[in-house]
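Trainee: The sequence shown maps to residues 29 to 158 in the numbering used here.
By construction, the Cβ of each residue, glycine as well, lies at the ideal position given by its N, Cα and C atoms.
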Amino acid sequence: MNNSFLIFDGDCLFCNRIAYHLAKSDKRDSFKFVSSTSETGQYFIVKYQLQKFVDKTVIVRVGEVFYIKSKAIFMFLKESNMYPLLRFIIWITPTFIADFVYDIIAKHRKKLIKKECPILPPEIRKKFLN
29 MNNSFLIFDG DCLFCNRIAY HLAKSDKRDS FKFVSSTSET GQYFIVKYQL
79 QKFVDKTVIV RVGEVFYIKS KAIFMFLKES NMYPLLRFII WITPTFIADF
129 VYDIIAKHRK KLIKKECPIL PPEIRKKFLN
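1. Between the beta-carbon of A47 and the beta-carbon of F61, is there less than 8 Å?
2. Alpha carbon to alpha carbon, what distance is there between F36 and V82?
3. May I ask which residues mark the beginning and end of the beta strand (DSSP E) holding K60?
4. Check the DSSP bridge columns for Y95 and list the partner residues they point to.
5. Looking only at C-alpha atoms, which of S58, S66, P150 and K139 sits nearest to N109?
6. Find out if the Cβ-Cβ distance for the pair V86, I73 is shorter than 8 Å.
7. If I'm right that T68 touches G38 with Cβ under 8 Å, what's the distance once you round it to whole angstroms?
8. What does the Cβ neighbour count give for V129, buried or exposed, with the cut at 16 atoms within 10 Å?
9. For K155, which residues in the same chain have their Cβ closer than 8 Å to its Cβ, ignoring the five residues on either side in sequence?
10. With 16 other CB atoms within 10 Å as the buried threshold, where does V93 fall?
11. Between K97, Q70 and K135, which has its C-alpha nearest I19's C-alpha?
12. List the residues that DSSP assigns as beta-bridge partners of F33.
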């Protein structure tokens with residue numbers, strides 16, 4: 029199993045939509061996607077002692093290293109070779125500024141989307157761990 033994964037807030041429609049979009053765009057199958065509310069997500073959170081981060085940020089694991097906030101987004105985009113302009117912008121932005129922007133979006137994320145979740149096709153669903 030690929031050991032790179034992204035843990036997202038399973039209770040947040042915005043986060044679910046973003047995870048779905050990233051899974052669909054990850055043509056290299058670089059990552060597995062794990063809802064923080066799933067059995068696997070809960071197992072990873074306990075196993076890797078991620079409890080203090082899980083409610084506040086996306087968590088990305090690449091190799092044996094965990095990343096949070098803007099670093100997590102950057103590492104995901106780098107490893108999956110996606111969105112080079114956004115990746116460059118995050119790279120040149122000081123971390124405290126990028127994390128500040130991340131925190132603003134994270135604070136309001138549950139208000140951003142009011143629609144239903146999409147039904148995932150099987151080729152995308154296989155990228156998500158239960």
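Mentor: The structure says:
1. yes
2. 8 Å
3. K60 to S63
4. V88
5. S58
6. no
7. Their Cβ separation, rounded to whole angstroms, is 11 Å, which puts T68 and G38 out of contact at 8 Å.
8. exposed
9. A51, D54, D57, F59, K60 and F61
10. exposed
11. Past the edges of the chain, shown from 29 to 158, lies residue 19, and the structure says nothing about it.
12. K60 and R89
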